[in-house]
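To convert, note that position 94 of the sequence shown is 94 in the numbering used here; the numbers rise steadily by one, no gaps. The C-beta atom is built at its ideal place from N, Cα and C for all residues, glycine as well.
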Amino acid sequence: MVSRVIPVDDFDLVIFGGTGDLARRKILPGLYLRFVAGQIPDGARIIGAARSEMDVPRYRDMVAEALQEFVPAARYDRDFVAAFLGRVFYVAIDAKGSAGWQVLADMMRSNVVRAFYFSVAPALFGDLAEKLHSYAIAGAQSRIVVEKPFGRDLQSARALNRALALHFSEEQIYRIDHYLGKETVQNLMAVRFANSLFEPLWNARHVDHVQITVAETVGVAGRGSYYDKAGAMRDMVQNHMMQLLCLIAMEAPFRFEADAVRDEKLKVIRALDAVMPDQIVRGQYSATPQQPGYVQDVENPASRSESYVALKVAISNWRWKGTPFYLRTGKRLRARTSEIAIVFKAPPHSIFEQSDGWHENVLVIRLQPNEGMTLSVMIKEPGPGGMRLSEVPLNMSFAEALGDDADDVPDAYERLIMDVIRGNQTLFMRGDEVEAAWAWTDPIIEGWEARGDKPSPYDAGSSGPENALMLMHRDGRRWREIKT
Ligand code: BG6
Numbered sequence: 001m002v003s004r005v006i007p008v009d010d011f012d013l014v015i016f017g018g019t020g021d022l023a024r025r026k027i028l029p030g031l032y033l034r035f036v037a038g039q040i041p042d043g044a045r046i047i048g049a050a051r052s053e054m055d056v057p058r059y060r061d062m063v064a065e066a067l068q069e070f071v072p073a074a075r076y077d078r079d080f081v082a083a084f085l086g087r088v089f090y091v092a093i094d095a096k097g098s099a100g101w102q103v104l105a106d107m108m109r110s111n112v113v114r115a116f117y118f119s120v121a122p123a124l125f126g127d128l129a130e131k132l133h134s135y136a137i138a139g140a141q142s143r144i145v146v147e148k149p150f151g152r153d154l155q156s157a158r159a160l161n162r163a164l165a166l167h168f169s170e171e172q173i174y175r176i177d178h179y180l181g182k183e184t185v186q187n188l189m190a191v192r193f194a195n196s197l198f199e200p201l202w203n204a205r206h207v208d209h210v211q212i213t214v215a216e217t218v219g220v221a222g223r224g225s226y227y228d229k230a231g232a233m234r235d236m237v238q239n240h241m242m243q244l245l246c247l248i249a250m251e252a253p254f255r256f257e258a259d260a261v262r263d264e265k266l267k268v269i270r271a272l273d274a275v276m277p278d279q280i281v282r283g284q285y286s287a288t289p290q291q292p293g294y295v296q297d298v299e300n301p302a303s304r305s306e307s308y309v310a311l312k313v314a315i316s317n318w319r320w321k322g323t324p325f326y327l328r329t330g331k332r333l334r335a336r337t338s339e340i341a342i343v344f345k346a347p348p349h350s351i352f353e354q355s356d357g358w359h360e361n362v363l364v365i366r367l368q369p370n371e372g373m374t375l376s377v378m379i380k381e382p383g384p385g386g387m388r389l390s391e392v393p394l395n396m397s398f399a400e401a402l403g404d405d406a407d408d409v410p411d412a413y414e415r416l417i418m419d420v421i422r423g424n425q426t427l428f429m430r431g432d433e434v435e436a437a438w439a440w441t442d443p444i445i446e447g448w449e450a451r452g453d454k455p456s457p458y459d460a461g462s463s464g465p466e467n468a469l470m471l472m473h474r475d476g477r478r479w480r481e482i483k484t
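Dropping the structure here:
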């Protein structure tokens, strides 16, 4: 399959926090890879902006180092890097003071797309927005990109939305949830809405339950000061897991277009029931002889934050009433795997005498790694001896199906940054969507804080705390095994 690359318009992209971790790991490598793919036009400029005083050659050196470290070796090419660096510039800027702003204003060109990436702490969002406005750097056509965490509760998210809205309209604000930029996450929409096969079954009449798992093997060492204040609920559930749930549960939008899609996602979030205390399990990984535990990683022996959370979620609408969604995510688990499993109900009546081999049909959409889909179906076990049932997978690996080009699939940041330049907000969160997600999350967190709940310990390398099993067992269901 030949991938199509449509170059974007000329642009000036200013990266505030241009020397930071996200810029080095994701944004700059993402831009480089799009450059290699031929999507970045000659008239594009990338302007790093940060506090450090440095000249353009020094910044280019820093970018070159980042590319060397974070671009996959197979796609790193000296000539391309040299050409890419020719598009890179730098300005030292003080978000709260006046230093650098006039320099930046003078650098801006007219007749190109202007985009401003706020890869900085959310506390600076308001200052940056105000400066871009007062120095007339951003106009009505400019776009700003903001990263998570977008607030830590409803109140702070509202405050951020208000601060940005003082100077930018909703159409100019691109709130990133990098899960939405993942190829396989977008594929959820293609699977659901480009096939007539699944839709008639996609409801509480036919689906017994849904499991959404995002398991990681990494711990939180190195990000402890952020993570310990967030915990898995704020770090993963309020945003990434919520987006996955919305894409699985939403109604078909009338068109694949930003507001139509976001309207439907918002309806799902608003239809979520409150989560009762016995529908949540929180966990924290313990130390092993080989590895430090969570409290050592975050350097907070008294920490009660969760590195794992599992919850049972109910959606009160016509499509899903009675079909629970079980969500779980955690660090330092047995394997790195993200998947969505749609578990179908049993046939209304079995006509077979021997039903020992029977299993429910499960459609598994693997988001990472080994992206693909598996549908388990029942067949007759081959051979004599009567009608015995056996489960076989209809298995599709996207890499195999798409051939060599699977390696060229852009990563989430590559795609999302290009969407900003194109002016396409479909894969970005709208302000009301983020607020609705916090409105659902807040009481859950407030509840366990008020009760003083402690997370349950789990062994690093396990599948999570034992009591997470109970969450499913008592409903007569079980989690799928966590394995790659
Ligand atoms: C980030 C979280 O948003 O997503 C991290 O802050 C998490 O804690 C990461 O590890 C997971 O992203 P991915 O793309 O590796 O699944």
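Spatial neighbours of Phe80 within its chain, please: CB distance less than 8 Å, with the 5 preceding and 5 following residues excluded, ordered by chain position.
Tyr32, Phe35, Val36
heavy atom of the ligand BG6 below 6 Å from Asp177 C-beta
no
Between which two residues does the alpha helix (DSSP H) containing Leu245 stretch?
242 to 249
Considering only the beta carbon of each residue, do Val409 and Glu183 sit closer than 7 Å?
yes
Assumed close pair Val343, Asp208 - CB separation to whole angstroms, cut-off 8 Å:
5 Å
Residue span of the alpha helix (DSSP H) that contains Ile212, given as start and end:
Careful: Ile212 lies outside any alpha helix (DSSP H), inside the beta strand (DSSP E) at 207 to 215.
Identify the continuous beta strand (DSSP E) that holds Val145 and give its terminal residues.
143 to 146
In angstroms, rounded to a whole number, what distance separates the CA positions of Ser397 and Gly385?
34 Å
Report whether the distance from the Cβ of Asp106 to the nearest heavy atom of the ligand SAM is below 6 Å.
For the ligand SAM, the structure offers nothing, since it holds only the ligand BG6.
How many Å lie between Asp10 and Val313 at the Cα?
45 Å
Let me know if Glu449 comes out buried or exposed under the rule of 16 or more other beta-carbons within 10 Å of its beta-carbon.
exposed
According to the neighbour-count rule (16 or more other Cβ atoms, all chains shown, within 10 Å of its Cβ), is Val2 buried or exposed?
For Val2, the predicted model reports a pLDDT of 48, less than 50, meaning its position is unreliable and no value from the coordinates is stated.
Tell me the rounded alpha-carbon separation between Asn370 and Gly330.
19 Å
Please state whether the Cβ-Cβ distance between Gly17 and Val120 is less than 7 Å.
yes
Are the stretch 219 to 229 and the stretch 426 to 445 touching by the rule of at least three beta carbon pairs closer than 8 Å?
no
Tell me whether Asp487 counts as near the ligand BG6, meaning its Cβ is closer than 6 Å to at least one heavy atom of that ligand.
Shown here, the chain extends from 1 to 484; a query on residue 487 therefore has no answer.
Throw me the rounded Cβ distance for the His240 and Val214 pair, which I believe falls under 8 Å.
7 Å
Does the stretch 409 to 424 come within contact of the stretch 12 to 29, defined as at least 3 CB pairs closer than 8 Å?
yes
Measuring only the C-alpha atoms, how far is Arg366 from Arg480?
13 Å
Taking a contact to mean a Cβ-Cβ separation below 7 Å, would you say Phe118 touches Val146 in this structure?
yes
Around the Cβ of Lys96, are there at least 16 other Cβ atoms within 10 angstroms (buried) or fewer (exposed)?
exposed
Given a threshold of 16 other Cβ atoms within 10 Å of its Cβ, counted over all protein chains shown, does Ser169 qualify as buried or as exposed?
exposed
Can you tell me whether DSSP reads Ala302 as helix, strand or coil?
coil
Tell me whether Arg34 sits in a helix, a strand or coil according to DSSP, three-state version.
helix
Could you tell me which of Gln172, Pro324, Arg332 sits nearest to Gln203, measuring between CA atoms?
At residue 203 the sequence reads Asn, which differs from the Gln that was named. Answer by Cα proximity: Pro324.
Among the candidates Gly423, Val103, Asp442, whose CA atom is the shortest distance from the CA of Arg143?
Gly423
Out of Lys345, Asp278, Tyr227, state which residue places its alpha-carbon closest to the alpha-carbon of Arg304.
Tyr227
Have a look at Gln425, Val362, Arg388 and flag the residue whose alpha-carbon is nearest the alpha-carbon of Leu490.
What is shown of the chain runs 1 to 484, which leaves residue 490 out entirely.
Give the DSSP-derived three-state secondary structure of Ile445 in the structure shown.
helix
What span of residues does the beta strand (DSSP E) with Ser52 cover, start to end?
Ser52 -> no beta strand (DSSP E), and no H or E assigned at all.
Local Cβ density within 10 Å of Leu244, reported as buried at 16 or more and exposed below that:
buried
Rounded to whole angstroms, what's the CA-CA distance from Val495 to Phe150? Just pull it up for me.
Residue 495 cannot be examined here, being either before or after the span of the chain that is shown, 1 to 484.
I need the straight-line Cα distance from Ala501 to Pro200, nearest angstrom please.
Residue coverage of the chain in this structure runs from 1 to 484, which leaves residue 501 outside it and unanswerable.
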